[in-house]
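J.: For any residue, its number in this note's numbering is found by taking its place in the sequence shown, counting from 1, and adding 8.
What follows is a single structure, and I will ask about it in a moment.
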Amino acid sequence: MGADSLDIVEMMLRFEEAFLVPIRDDDAAQLATVGDVYDYLKYGLKLKLQRVKQRIRIKLQRKRLRRLEEGHLYTKEDMKRDYEKLRSMIEDLRDDVMFKE
């Protein structure tokens, strides 16, 4: 990218802070172009979004199980409400990390 080592380290730290995506040192050494950095950060954000989606799904499954254990039925309305909540949370997350496919 036409910068010295110190500039590159500083730039990688700024990217990590801005996008909350850790960049491993050996990966940083391979990032030669702006396109490489973009692809790396986009991939990191995708992974982060997938992990968050999985955590949300697990929370919703635990909620369903808890309701069943308490003797409550988990109705279609409950499912629709939880699905909409999940969709909203994911959209908020996408907006927060400025991630668009």
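The beta-carbon is built from N, C-alpha and C at its ideal position, and this holds for glycine as well.
1) Is the segment 21–28 in contact with the segment 48–60, if contact means three or more CB pairs nearer than 8 angstroms?
2) Return the Cβ separation of Leu-1 and Asp-90 in integer angstroms, given the expectation that the two are a contact with Cβ distance under 8 angstroms.
3) For Ile-64 versus Leu-101, is the C-beta distance shorter than 7 angstroms?
4) What number of angstroms, rounded off, separates the C-alpha of Leu-14 from the C-alpha of Glu-92?
5) Would you report the Cα separation of Met-19 and Lys-61, rounded to the nearest angstrom?
T.: Taking the coordinates as given:
1) yes
2) Look at the range of the chain in this structure, 9 to 109, and you will see that residue 1 is not part of it.
3) no
4) 46 angstroms
5) 29 angstroms
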